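Have a look at the structure below before the remarks.
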Amino acid sequence: MKCRICGKKPIIYMPQHRLALCREDFISWFERYTERTIKDFRMFTNEDRVLVTVSGGKDSLALWHVLRKLGYNADGFYLHLGIGEYSERSRRKVEEFAERLGAKVIVVDLMEELAGIPELKKATSREACSVCGLVKRYNFNRVAKEYGYNVVATGHNLDDEASSLLANVINWNVKYLGRKYPVLEEEEGFVRKVKPFCKFTEKETALYALLNGIEFVEEECPYSEDASSIFYKETLNRIEEKFPGTKLRFYLEYLRKVYPRFREVEERELQRCKVCGEPSPSEVCPVCRLKERVAERKA
Ligand code: SF4
Ligand code: ZN
Numbered sequence: 002m003k004c005r006i007c008g009k010k011p012i013i014y015m016p017q018h019r020l021a022l023c024r025e026d027f028i029s030w031f032e033r034y035t036e037r038t039i040k041d042f043r044m045f046t047n048e049d050r051v052l053v054t055v056s057g058g059k060d061s062l063a064l065w066h067v068l069r070k071l072g073y074n075a076d077g078f079y080l081h082l083g084i085g086e087y088s089e090r091s092r093r094k095v096e097e098f099a100e101r102l103g104a105k106v107i108v109v110d111l112m113e114e115l116a117g118i119p120e121l122k123k124a125t126s127r128e129a130c131s132v133c134g135l136v137k138r139y140n141f142n143r144v145a146k147e148y149g150y151n152v153v154a155t156g157h158n159l160d161d162e163a164s165s166l167l168a169n170v171i172n173w174n175v176k177y178l179g180r181k182y183p184v185l186e187e188e189e190g191f192v193r194k195v196k197p198f199c200k201f202t203e204k205e206t207a208l209y210a211l212l213n214g215i216e217f218v219e220e221e222c223p224y225s226e227d228a229s230s231i232f233y234k235e236t237l238n239r240i241e242e243k244f245p246g247t248k249l250r251f252y253l254e255y256l257r258k259v260y261p262r263f264r265e266v267e268e269r270e271l272q273r274c275k276v277c278g279e280p281s282p283s284e285v286c287p288v289c290r291l292k293e294r295v296a297e298r299k300a
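Plus 1 on top of the position in the sequence shown (first one is 1) and you've got this note's numbering.
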């Protein structure tokens, strides 16, 4: 096999694109493809202020790297989740990387704002990832508005998107099918949310990060073992092995054929939380209710 561009020895073969590329050509292909995804989905332009939510992992740091390289106005946001040494190490990686990029990073400590994930898990008896998802979404949106960013970008890759699609199809979660899109437009109280890496596999983002010498946290969050998403990812990988190209096709065909049909199902009735003023499905938003519960426990 040869690199399709220059004929040198390839570093990767991507069956879904029938494309083999060498090191240099993979890097420039990856960057062009990111740019194309941003343009095709009208995610943002050079005029927008983009806040990249960085966890210290390969996807989010690689995303921040590419966006800066492409000339976008992109700063980082790290939410310290209070998950022991794992969160500490991640914060250090993010801060070191911000220095390398010469970019600004906003750090918010959940333990000061509310409580760390281990404590929230105990206070609610919910799964760690479910409570974590809730506080992340809330803080990404709140912090973006507070600091004047109009777009929040996350490093979700194809494996993330396709596996959560599979889980939701298996459970026929119709509401989800009308909401899962790489761009969620700005609406009352919410900034726009985008996923520029939605068409890259985990393997591709990891390779890009490695080739660019991006130092990311390799260990997984200790709660990720409970995450059912890992099971769905493994299942999809097994299907992909047998039928190469299925993962990307599954996701893109959903975007093209299924999403438009379910889109109208999604109608949210939101009011403002009477405590914090953020958009909320009830009088007091779920995060402010969490705060009350944590305070009760402490008392
Ligand atoms: Fe949060 Fe779960 Fe991800 Fe850990 S694995 S960072 S708890 S969502
Ligand atoms: Zn609130």
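We put the beta carbon where it would ideally sit given N, CA and C, even for glycine.
Every value quoted in this text rests on a predicted model; they were computed, and no experiment measured them.
Please check the pair residue i and residue j, which I expect to be a contact at CB under 8 Å, by giving their CB distance rounded to whole angstroms.
i: E241; j: K248; result: 5 Å
i: V192; j: V153; result: 6 Å
i: Y79; j: V108; result: 5 Å
i: L159; j: T202; result: 5 Å
i: L68; j: S164; result: Not quite, the Cβ-Cβ distance comes to about 24 Å (not below 8 Å), so this is no contact.
i: R36; j: R143; result: A small correction: the amino acid at residue 36 is Glu; Arg does not occupy that position in the sequence shown. With 8 Å as the limit, E36 and R143 do not qualify as a contact, their Cβ atoms being about 29 Å apart.
i: F263; j: V175; result: 6 Å
Between which two residues does the beta strand (DSSP E) harbouring residue i extend?
i: R193; result: 193-195
i: T125; result: Not the beta strand (DSSP E): T125 falls in the alpha helix (DSSP H), residues 118-125.
i: V109; result: 106-110
i: A21; result: 20-22
i: A296; result: No beta strand (DSSP E) holds A296; the alpha helix (DSSP H) holding it covers 287-299.
i: V153; result: 152-154
Please state whether DSSP places residue i in a helix, a strand or coil.
i: H81; result: strand
i: P280; result: strand
i: E226; result: helix
i: I13; result: strand
i: T1; result: There is no way to answer for residue 1, as the model of the chain reaches only from 2 to 300.
i: R5; result: coil
i: R262; result: helix
i: V218; result: coil
i: E97; result: helix
i: D41; result: helix
i: D26; result: helix
i: E307; result: Here the chain comprises residues numbered 2 to 300, so residue 307 is not present and cannot be evaluated.
Anyone know if the C-beta pair for residue i and residue j falls short of 7 Å?
i: F27; j: I39; result: no
i: T1; j: A63; result: Since the displayed the chain opens at 2 and closes at 300, residue 1 lies outside it and no answer follows.
i: M44; j: A21; result: no
i: I118; j: A129; result: yes
i: D110; j: H81; result: yes
i: Y182; j: N169; result: no
i: R294; j: A124; result: yes
i: G179; j: D60; result: no
i: P287; j: L121; result: no
Can you tell me where the alpha helix (DSSP H) holding residue i begins and where it ends?
i: L135; result: 129-147
i: K170; result: Note on identity: in this sequence residue 170 is Val, with Lys being the wrong assignment. Note, V170: alpha helix (DSSP H), 159-171.
i: T247; result: 247-254
i: K181; result: Unbroken run through K181: none, as it is neither H nor E.
i: K275; result: First-last for K275: undefined, no H or E at that position.
i: D60; result: 59-70
i: K204; result: 203-212
Is it the case that the region 47-57 contacts the region 223-233, given that we only count it when at least three CB pairs across the two stretches are under 8 Å?
no
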